[in-house]
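> Got a structure for you, written out below as structure tokens; questions coming shortly.
2 protein chains.
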Amino acid sequence: MKNNYRSSIPEHWHATSKVFIALGDEHRQRILLLFEPGERLNVGQIAAVSTLARSTVSHHLKLLRDAGVLRSEKIGKEVWFWIDRNWLLSVMGNVTDYIREST
Amino acid sequence: MKNNYRSSIPEHWHATSKVFIALGDEHRQRILLLFEPGERLNVGQIAAVSTLARSTVSHHLKLLRDAGVLRSEKIGKEVWFWIDRNWLLSVMGNVTDYIREST
DNA sequence: ATCATATATCGAAGAAGATCGATATGTAAA
DNA sequence: TTTACATATCGATCTTCTTCGATATATGAT
Chain A
0 MKNNYRSSIP EHWHATSKVF IALGDEHRQR ILLLFEPGER LNVGQIAAVS TLARSTVSHH
60 LKLLRDAGVL RSEKIGKEVW FWIDRNWLLS VMGNVTDYIR EST
Chain B
0 MKNNYRSSIP EHWHATSKVF IALGDEHRQR ILLLFEPGER LNVGQIAAVS TLARSTVSHH
60 LKLLRDAGVL RSEKIGKEVW FWIDRNWLLS VMGNVTDYIR EST
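See below:
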């Protein structure tokens with residue numbers, strides 16, 4: 000057994016952990032599943048089809064953005080979100096590599 | 000935009016979601032990081048090095064097992080846990096495939 | 001400048017998860 | 001069978017997350 004329980008978790012794991020938390024929630028999964036490949040959606044569009052209040056959708060979008068899963072750009076009054084495919088692929092790749100090498 | 004927000008999430012996503020939830024917690028990450036490649040650990044060993052009460056460790060191990068991340072076998076009085084490497088790899092592979100095909 | 005719209009933030013209430021000590025269950029040893 | 005030990009479960013408490021409506025901020029239109 001490794002004696003590393005109390006030592007700090009590597010920094011890049013924090014980022015990975017945020018992604019796991021973000022993807023572990025059903026509402027956030029539903030939001031992500033809305034996007035067509037490459038598509039951008041704004042908060043209003045997402046809130047319109049969701050079952051949640053706008054402010055709640057906004058909260059989930061912030062969480063997804065903080066995790067790096069979504070990126071966003073404000074254009075005029077609206078904020079457009081899109082999936083950061085490469086970030087997701089890189090996180091999954093890192094985890095897969097870790098599992099292959101260390102389990 | 001896909002009009003699927005209210006439709007049910009595919010069954011295999013439930014399993015994936017459990018894994019994300021399991022891996023999103025820092026205590027559970029620390030537990031997983033204890034395992035040497037292929038190693039088996041029992042509850043007592045894990046509780047001994049952790050900062051949590053035995054019953055709490057037991058709770059987290061149950062959660063990890065329910066997610067498929069750990070498997071376990073009772074031998075005598077002890078329950079031995081090990082990481083299900085292939086299950087983890089398969090989940091990560093499915094997610095990666097989905098991202099590649101649908102984002 | 002005023003108004004309307006889009007989004008974010010705030011604060012409170014409710015829900016869900018984590019945590020612990022105590023108790024229950026199962027197993028082996030004495 | 002009694003005792004000791006390993007683990008799981010229970011019940012209560014505490015903490016964190018979720019959710020909403022209200023308010024604030026920013027932008028564009030009138």
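Protein chains in written order, with numbering that gives the first Met the number 0: chain A, 0 to 102; chain B, 0 to 102.
Think of the CB as a built atom: it goes at the ideal place given N, C-alpha and C, for glycine as much as any other residue.
As the structure is a computational prediction, the values presented were derived from the model and not from experiment.
Return the bridge partner residues of residue 80 of chain A from the DSSP annotation.
Residue 80 of chain A pairs with A:40, A:71.
> Thinking just about the alpha-carbon of each residue, which of B:50, B:74, B:78, B:49 is nearest to the one in residue 61 of chain B?
Nearest option by C-alpha distance: B:78.
> Taking DSSP as the reference, what is the three-state secondary structure of residue 4 of chain B?
Correct three-state label for residue 4 of chain B: coil.
> Taking Cβ positions only, does residue 61 of chain A come closer than 8 Å to chain B?
Closer than 8 Å: no.
> Going by other Cβ atoms of all chains shown within 10 Å of its Cβ, with 16 needed for buried, is residue 52 of chain A buried or exposed?
It counts as exposed.
> Could you tell me whether the Cβ of residue 98 of chain A comes closer than 8 Å to any Cβ of chain B?
True, the Cβ-Cβ gap to chain B drops below 8 Å.
> Closest to residue 99 of chain B by CA distance: which of A:85, A:47, A:16 is it?
Among A:85, A:47, A:16, the Cα nearest to that of residue 99 of chain B is on A:85.
> Look at the Cβ atom of residue 157 of chain A, then the Cβ atom of residue 64 of chain A, and state whether they are nearer than 8 Å.
Outside the shown range of chain A, which is 0 to 102, sits residue 157 of chain A, and nothing can be said about it.
> How about residue 0 of chain B and residue 33 of chain A: are their beta carbons less than 8 Å apart?
Yes, these two residues count as a Cβ contact at 8 Å.
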